[in-house]
């Protein structure tokens, strides 16, 4: 992805400076400089996204709900993204799933995709769910008192490329570069949801080096509010969610034993009642 930053002034200011330099030089130099300036500005307009912010929010539950927002897109790129045969709600999730499968993680799927485009605000928002055992898996613990979740986040290590039918680049989001650090190295804090519940939150911000043409990006991973015993090794997050008391009781092996005892007891009582009836009849 090419991001254009006009350091030291606005595009119009820099253009005016370049034009003044052209006037002060010779004719050949003027023509050469002017052509170079025109080609440079044209290439920026056609192929840059001029991005101000890329935000990814991943909410973990039975699967992962992902919202990817891109703001500050220039008008030319925005117009090209508006072409549905090139970019639609399934473009990004399909790209992520396909790349993840290429790495051997085949138990993954996406669904519930949605796309919101704001031409006036020069922004897009893509949301979707990722599911499958190579994304989120869970099992009962030995005591059958909680569910143990295992969350794999390697799917984020992808270089998102959106191209037109001719293969020309429209937009590139190098998430593998921005968020390549292991999750265990991310900042861990809390997120307070609108209902007042606290969630474990993993956050990483990428600013790029000073003076570079990198984009400001931020990635959030939000765990369920009931998550306990949270642990992180590399890119894998594990946590527990306690089962409600009634679920613990129903999942307990003792409930089966108790049921068997009651069934046998009712059977004995029934046979005893039948025997009494027969004895009364014989009298």
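Residue numbers (the working numbering): 6 to 288. Just so you know, even glycine gets a beta-carbon here, dropped at the ideal spot from N, CA and C.
**Prompt:** If we ignore side chains and look at the alpha-carbon of each, how far apart do residue 129 and residue 234 end up?
**Reply:** Mapped onto the chain shown, residue 129 falls at position 124. Mapped onto the chain shown, residue 234 falls at position 229. When rounded, the distance between both Cα atoms is 36 Å.
**Asked** When the cut-off is 8 Å and only beta carbons count, does residue 84 lie next to chain D?
**Response** Considering every chain present, this structure includes no chain D. It has just one protein chain.
**Message:** I'd like the span of the alpha helix (DSSP H) that includes residue 97, first residue to last.
**Reply:** Position 92 of the chain shown holds residue 97. Element bounds for residue 97: 96–107.
**Request:** Kindly indicate the opening and closing residues of the beta strand (DSSP E) around residue 134.
**Result:** Taking the first residue of the chain shown as position 1, residue 134 is located at position 129. Per DSSP, residue 134 belongs to the beta strand (DSSP E) from 128–136.
**Message:** For residue 167, tell me which candidate among 158, 177, 109 has the shortest Cα-Cα distance.
**Reply:** Translated into positions along the chain shown, residue 167 becomes position 162. Cα-wise, what sits closest to residue 167 is 177.
**Prompt:** What does residue 196 pair with, by DSSP beta-bridge criteria?
**Reply:** Position 191 of the chain shown holds residue 196. Answer by DSSP bridge pairing, in chain order: 204.
**Message:** According to DSSP, is residue 117 part of a helix, a strand, or is it coil?
**Reply:** By one-based count along the chain shown, residue 117 stands at place 112. The answer is strand: DSSP assigns residue 117 an E or B state.
**Prompt:** Would you say the region 95–104 touches the region 148–167, given that touching needs at least three Cβ pairs under 8 Å?
**Reply:** yes
**Asked** Is residue 221 closer than 8 Å to residue 184 when the C-beta atoms are compared?
**Response** Here residue 184 corresponds to residue number 179 of the chain shown, with the count starting at 1. Here residue 221 corresponds to residue number 216 of the chain shown, with the count starting at 1. No.
**Asked** Based on Cα-Cα distance, which residue from 80, 110, 174, 165 lies nearest to residue 125?
**Response** Residue numbering aside, residue 125 sits at position 120 when the chain shown is read from its first letter. Nearest C-alpha to residue 125: 80.
**Item:** Other residues of its chain near residue 256: CB distance less than 6 Å, five sequence neighbours each side excluded
**Value:** As a first step, residue 256 is located in the chain shown; it is residue number 251 there, counting from the start. Confidence at residue 256 is low in this model, with a pLDDT of 48, below 50, so its placement is unreliable and the value that follows should be read with caution. Cβ within range, chain order: 149.
**Message:** Run through the DSSP bridge pairs and tell me what residue 122 is partnered with.
**Reply:** Residue numbering aside, residue 122 sits at position 117 when the chain shown is read from its first letter. 129.
**Prompt:** If we ignore side chains and look at the alpha-carbon of each, how far apart do residue 169 and residue 74 end up?
**Reply:** Mapped onto the chain shown, residue 169 falls at position 164. Mapped onto the chain shown, residue 74 falls at position 69. Each residue's alpha carbon lies about 20 Å from the other.
**Message:** Check whether the region 83–90 and the region 116–124 are in contact - that is, three or more C-beta pairs closer than 8 Å.
**Reply:** Counting Cβ pairs under 8 Å, three or more are found: they touch.
**Prompt:** Using CA coordinates, which residue listed in 134, 239, 151 is at the minimum distance from residue 119?
**Reply:** Translated into the one-based positions of the chain shown, residue 119 becomes position 114. Among 134, 239, 151, the Cα nearest to that of residue 119 belongs to 134.
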